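Participant: Quick note on my numbering: the sequence shown kicks off at 3 and runs consecutively.
Cβ coordinates follow ideal geometry from the N, Cα and C atoms, glycine included.
Treat the numbers as computed from the prediction; the structure is a model and nothing was measured.
My structure is below; once you've seen it, I'll send some questions.
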Amino acid sequence: MEDRIQVTIENGVADVRLVRTDKMNALDDRMFQALVDTGERLKTEKGVRAIVLSGDGRAFCAGLDMGNFAKMASGERRGGAGLLTPKRTAGGSNHAQHAVMVWREQAVPVIAAIHGVAFGGGFQLALGADIRFVTPDVRMAVLEIKWGLVPDMAGLVLMKRLVRDDVARELTYTGRIFNGEEAHRMGLATRVCADPRADALALAADIASKNPDAIRAGKRLLDLAPDADQHAILLAESREQGALIGSPNQVEAVKAAMENRPGVYAD
């Protein structure tokens, strides 16, 4: 799938790049499969401590390939074949949804670097990351209503954690395009920067330099927190901390801090 996604792993950082540049990294069947395959591979890749997800060329991802809409307009594609397939992941995703959720399911932090456009499925793909860095002039939209559709790649699952309900509704009902500055104000972007990929790689390198056990534990807690009750969260905090205290990597973190040097951690 190297004609769709390329991956470089260095110093604990997986640099994942969508490379279908002639189509602004639009989502065709091969791109969906490449996203799933790459995400599943990185779940088990030893030594990966952070992931940066970006798009080559003019855009992060322009959304669903126009060929799919042409098929819908001609009547060739009807009824959403495969959308209600009983073959779903443990988290409840169909294949297209898993192309997004596989990034949220990573054990390590994922940082999306977004430029150009992130429309429809491309916008939902960006939501799958833990953190989103955007350019000021990026163009983003929940664009499905333009084509008479609803967001169906986990966008609603992920948006509800980031923005108010009325904001999610307005974006879904209108499909209006907004820039990076507004995305940041709404809570859909973490940071606005001139070079999102450079900043994302720098942050990933910083994360990769920390105790990987604590980073993974922190991500588990943050994934749990929005939907769990207070008692479950407090208990999970205690369990995670209990497992960390005195472990080899935690001991190394303390020594490194006391000796004012970088930590040397085992994966």
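What does the alpha-carbon distance come out to for the pair E242 and D215?
Facilitator: Here residue 242 corresponds to residue number 240 of the sequence shown, with the count starting at 1. Here residue 215 corresponds to residue number 213 of the sequence shown, with the count starting at 1. Going from the Cα of E242 to the Cα of D215 covers about 10 Å.
Participant: Excluding five sequence neighbours on each side, which residues of the same chain lie with their C-beta closer than 8 Å to the C-beta of C195?
Facilitator: The sequence position of residue 195 within the sequence shown is 193, counting from 1. Cβ neighbours of C195 beyond the five flanking positions: F135, V136, T137, D201.
Participant: Please report how far the alpha carbon of A131 lies from the alpha carbon of A191, in whole angstroms.
Facilitator: Locating residue 131 in the sequence shown gives position 129, where the first residue counts as 1. Locating residue 191 in the sequence shown gives position 189, where the first residue counts as 1. Distance between the alpha carbons of A131 and A191 is about 11 Å.
Participant: Please report the distance separating the alpha-carbon of G124 from that of C63.
Facilitator: Residue mapping note: residue 124 aligns to position 122 of the sequence shown, counting from 1. Residue mapping note: residue 63 aligns to position 61 of the sequence shown, counting from 1. Cα to Cα, the separation comes out at about 5 Å.
Participant: Whole angstroms is fine: what's the gap from I113's alpha carbon to L37's?
Facilitator: By one-based count along the sequence shown, residue 113 stands at place 111. By one-based count along the sequence shown, residue 37 stands at place 35. Whole-angstrom Cα-Cα distance: 15 Å.
Participant: Could you compute how far the alpha carbon of L257 sits from the alpha carbon of N251?
Facilitator: Position 255 of the sequence shown, counted from the start, is the residue given in the question as residue 257. Position 249 of the sequence shown, counted from the start, is the residue given in the question as residue 251. Per the sequence shown, the amino acid found at residue 257 is Lys instead of Leu. For K257 and N251, the distance between alpha carbons rounds to 10 Å.
Participant: What did DSSP end up calling I133 once you bin it into helix, strand or coil?
Facilitator: Residue mapping note: residue 133 aligns to position 131 of the sequence shown, counting from 1. DSSP places I133 in strand when its eight states are reduced to three.
Participant: At which residue ranges does the segment 188–215 contain complete alpha helix (DSSP H) runs of 4 or more residues, listed in the order of the chain?
Facilitator: 198–210
Participant: Between the segment 92–111 and the segment 164–183, do three or more beta carbon pairs fall short of 8 Å?
Facilitator: Contact between the segment 92–111 and the segment 164–183 is absent, because fewer than three Cβ pairs lie under 8 Å.
Participant: Looking only at DSSP bridge pairs, what is F121 linked to?
Facilitator: Position 119 of the sequence shown, counting from 1, holds the residue named residue 121. Its beta-bridge partners are A143.
Participant: Quick one: residues in its chain with C-beta nearer than 7 Å to the C-beta of Q2, no 5 flanking neighbours on either side, listed in chain order?
Facilitator: Residue numbering for the chain in the displayed model covers 3 to 269; residue 2 lies beyond these limits and cannot be assessed.
Participant: With a CB to CB cut of under 8 Å and the five nearest residues on each side skipped, what residues in its chain are close to H186?
Facilitator: Counted from its first residue, the sequence shown places residue 186 at position 184. Around H186: V136, T192, R193, V194.
Participant: Excluding the five sequence neighbours on either side, which residues of its own chain have a C-beta within less than 7 Å of the C-beta of V331, listed in chain order?
Facilitator: There is simply no residue 331 to check, as the chain begins at 3 and stops at 269 in what is shown.
Participant: Identify, in the order they occur along the chain, each residue of the same chain with its Cβ nearer than 6 Å to the Cβ of S56, setting aside the five sequence neighbours on each side.
Facilitator: Within the sequence shown, the letter at position 54 stands for residue 56. Here the set comprises R19, A115, R199.
Participant: Quick one: residues in its chain with C-beta nearer than 7 Å to the C-beta of V50, no 5 flanking neighbours on either side, listed in chain order?
Facilitator: Position 48 of the sequence shown, counted from the start, is the residue given in the question as residue 50. Here V50 has I11, G14, A16, L44, V110 as same chain residues with Cβ atoms under 7 Å from its own Cβ, once five neighbours each way along the sequence are excluded.
Participant: Can you check whether the CB of A92 is closer than 7 Å to the CB of I209?
Facilitator: As a working note, residue 209 is residue 207 in the sequence shown. As a working note, residue 92 is residue 90 in the sequence shown. No, the pair does not count as a contact, with Cβ atoms beyond the cut-off.
Participant: Identify, in the order they occur along the chain, each residue of the same chain with its Cβ nearer than 6 Å to the Cβ of L127, setting aside the five sequence neighbours on each side.
Facilitator: The residue labelled residue 127 in the question sits at position 125 within the sequence shown. C63, V102, listed in sequence order.
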